[in-house]
Amino acid sequence: MRTPYRIDILQPLYFVLPDLKRLFDLAGEDIMAMVEHGMQMGLHAPKFPPKTKSHAA
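Residues 68 to 124 in my numbering are what the sequence shown lists, from first letter to last.
The structure is reproduced here in structure tokens:
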């Protein structure tokens with residue numbers, strides 16, 4: 068449930084389910100518990116420098 072990427076950078080990799088059955092299996096799992104576990108694990112080290120602020124905002 069964690070990725071080393073930031074939301075403001077186009078991602079070169081995506082999560083891919085091996086088959087449709089895995090999607091239905093995930094529906095029966097406690098996804099929020101997985102999210103909480105990922106949050107407790109903390110962030111990965113950044114792979115990219117911080118994005119500079121734009122004057123367009």
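In this text, a Cβ means the ideal position worked out from N, Cα and C, and glycines have one as well. Computed from a predicted structure; not experimentally measured.
Inter-residue spacing [alpha-carbon to alpha-carbon] between residue i and residue j
i: residue 128; j: residue 113; result: Residue 128 is absent from the structure shown; the chain starts at 68 and stops at 124.
i: residue 96; j: residue 82; result: 17 Å
i: residue 100; j: residue 117; result: 29 Å
i: residue 89; j: residue 102; result: 18 Å
Where the alpha helix (DSSP H) containing residue i begins and where it ends
i: residue 90; result: 87–94
i: residue 105; result: 98–108
Beta carbon proximity, residue i to chain C, threshold 8 Å
i: residue 103; result: Looking at the structure shown, chain C is missing, and only one protein chain is on hand.
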